[in-house]
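Written below as structure tokens is the structure these notes are about.
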Amino acid sequence: ENPQDSMYLQYCKVCQAYKAPRSHHCRKCNRCIMKMDHHCPWINNCCGHQNHASFTLFLLLAPLGCTHAAFIFVMTMYTQLYNRLSFGWNTVKIDMSAARRDPLPIVPFGLAAFAATLFALGLALGTTIAVGMLFFIQVRYKVIEDYSGACCPLNRGIKTFFTSPCTEEPRIQLQKGELILATRGLRYWLYGDKVLDDSFLK
16 ENPQDSMYLQ YCKVCQAYKA PRSHHCRKCN RCIMKMDHHC PWINNCCGHQ
66 NHASFTLFLL LAPLGCTHAA FIFVMTMYTQ LYNRLSFGWN TVKIDMSAAR
116 RDPLPIVPFG LAAFAATLFA LGLALGTTIA VGMLFFIQVR YKVIEDYSGA
166 CCPLNRGIKT FFTSPCTEEP RIQLQKGELI LATRGLRYWL YGDKVLDDSF
216 LK
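Next comes the structure, spelled out in structure tokens:
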């Protein structure tokens, strides 16, 4: 409403409007998202202003649930190993007659479940740490070479071609001298947003 406020706001060419502070345009949702963190393919939505609390609770409760499952697993393994080491490997028998009488499901626990539990725990903790770091770490890069947005950069070598990220989001066309605010990436690709200058507002 106040024309002077446009001096401090970025302009979104797709939405044809000024963006609110700390908002970014999502190419998947096709609109600007308040306090956008990232577009999550698991929930098919952006993590932003409206669901930051739910997303934070998920990040807290997922490792807690994995810790709970790991605790149950460790105690079960300890009990089974203690019984077998104390009374012999062949003396401990599992009575399956109770399982046939009881309608409640019996969950088998073995080496595969142990590996799955460790994988789930590591995945949950790794996701929590990685996403938490993205809240704080953003690096500003300056484009040193024009980029057309081609999806298959074969001219960069076969290694770069096979290590390019698999994503449905289109690559952004860049020109030399433009600025990028990136959160992560490798040598020839970055995840982030292009910083718009005053020339886009005219």
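Each position in the sequence shown, counted from 1, maps to that position plus 15 in the numbering used here. Don't be surprised by glycine CBs; every beta carbon is placed ideally from N, CA and C.
Tell me the DSSP secondary structure of residue i in three-state form.
i    : result
A35  : coil
L196 : strand
N98  : helix
H64  : coil
L76  : helix
K157 : strand
L136 : helix
L24  : coil
K174 : helix
T143 : helix
F215 : Residue placement at F215 is poorly supported in this model, since its pLDDT is 44, which falls under 50; the coordinates still yield a value, given next. In the structure shown, F215 sits in a helix (DSSP, three-state: H, G or I).
Can you round the beta-carbon distance between residue i and residue j to whole angstroms, since I take them to be within the 8 Å contact cut?
i    : j    : result
L194 : V210 : 4 Å
Quick check: residue i and residue j, are their CB atoms within less than 7 Å of each other?
i   : j    : result
C62 : C47  : no
F88 : T132 : yes
H64 : M49  : yes
Y26 : Y33  : yes
Which partner residues of residue i appear in the DSSP bridge assignment?
i    : result
M49  : S38
H83  : Looking at the DSSP assignment, H83 forms no beta bridge with any residue, so it has no partner.
Y29  : It should be noted that the sequence gives Val, not Tyr, for residue 29. According to DSSP, V29 bridges with nothing at all.
V89  : DSSP output for V89 lists no bridge partner at all.
K209 : I195
C55  : N60
- Query: Just checking, does the segment 31-43 make contact with the segment 51-58 on the three C-beta pairs under 8 Å criterion?
  - Reply: yes
- Task: Answer yes if the segment 126-145 comes into contact with the segment 77-90, meaning at least three C-beta pairs across the two stretches below 8 Å, and no otherwise.
- Result: Inter-segment contact for the segment 77-90 and the segment 126-145 is present: three or more beta-carbon pairs are separated by less than 8 Å.
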